[in-house]
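In this note's numbering, the protein residues as written are 5 to 174.
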């Protein structure tokens, strides 16, 4: 009833957090699922101040550890929390960035030209990869290709710290 008339697969009221699990077949256009159904649920949840994690069955089967980490972090269960101001910004080797993304980002790595990270106690806790946009009108800009945090790690202010570092370098 949270986003009535639609429903949510899992809802945790204490955290205003919900999970939608989409089967690849039943949530496809092959069976008449509207192409904007998932976006409409996201909008409805946002209007009710509910954070919605939408995942597809292949993500659950193929990247389960990452999905579980996302859920644990959002519920603040078995997570370690640090502040970005206590981290050091470092340039990350592209091979190390690739391995980090494959281990911590639900979509894995993607081609990039640069990578910056946050180190805490000699451990890489966050990585942002950048590249030149593919569209000609944005060629003089830099885009973030991927951004991820180490499994079950909450880095308060990590996104801002990495974005500011990217802006300074580009």
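In this text, a Cβ means the ideal position worked out from N, Cα and C, and glycines have one as well.
These figures come from a predicted structure and were not determined experimentally.
Those residues which DSSP pairs with residue i across a bridge
i: residue 127; result: 124
i: residue 55; result: 21
i: residue 95; result: 120
i: residue 15; result: 22
i: residue 134; result: 118 and 148
i: residue 60; result: 26
Inter-residue CB distance, residue i and residue j (contact presumed, cutoff 8 Å)
i: residue 122; j: residue 159; result: 6 Å
Sequence-distant residues of its chain with Cβ nearer than 8 Å to residue i (five each side left out)
i: residue 79; result: 16, 19 and 21
i: residue 62; result: 28
i: residue 161; result: 87, 88 and 89
i: residue 73; result: 108, 155 and 156
i: residue 84; result: 156, 157 and 158
Other residues of its chain near residue i: CB distance less than 7 Å, five sequence neighbours each side excluded
i: residue 14; result: 22 and 23
Under the three-state DSSP convention, the category residue i falls into
i: residue 159; result: strand
i: residue 87; result: strand
i: residue 169; result: helix
i: residue 151; result: strand
i: residue 67; result: coil
i: residue 7; result: coil
i: residue 39; result: coil
Classification of residue i by the beta-carbon crowding that lies within 10 angstroms, buried from 16 upward
i: residue 50; result: exposed
i: residue 69; result: exposed
i: residue 26; result: buried
i: residue 102; result: buried
i: residue 134; result: buried
i: residue 91; result: buried
Own chain, CB closer than 6 Å to residue i, minus 5 neighbours either side, in chain order
i: residue 106; result: 112 and 113
i: residue 41; result: none
i: residue 57; result: 23
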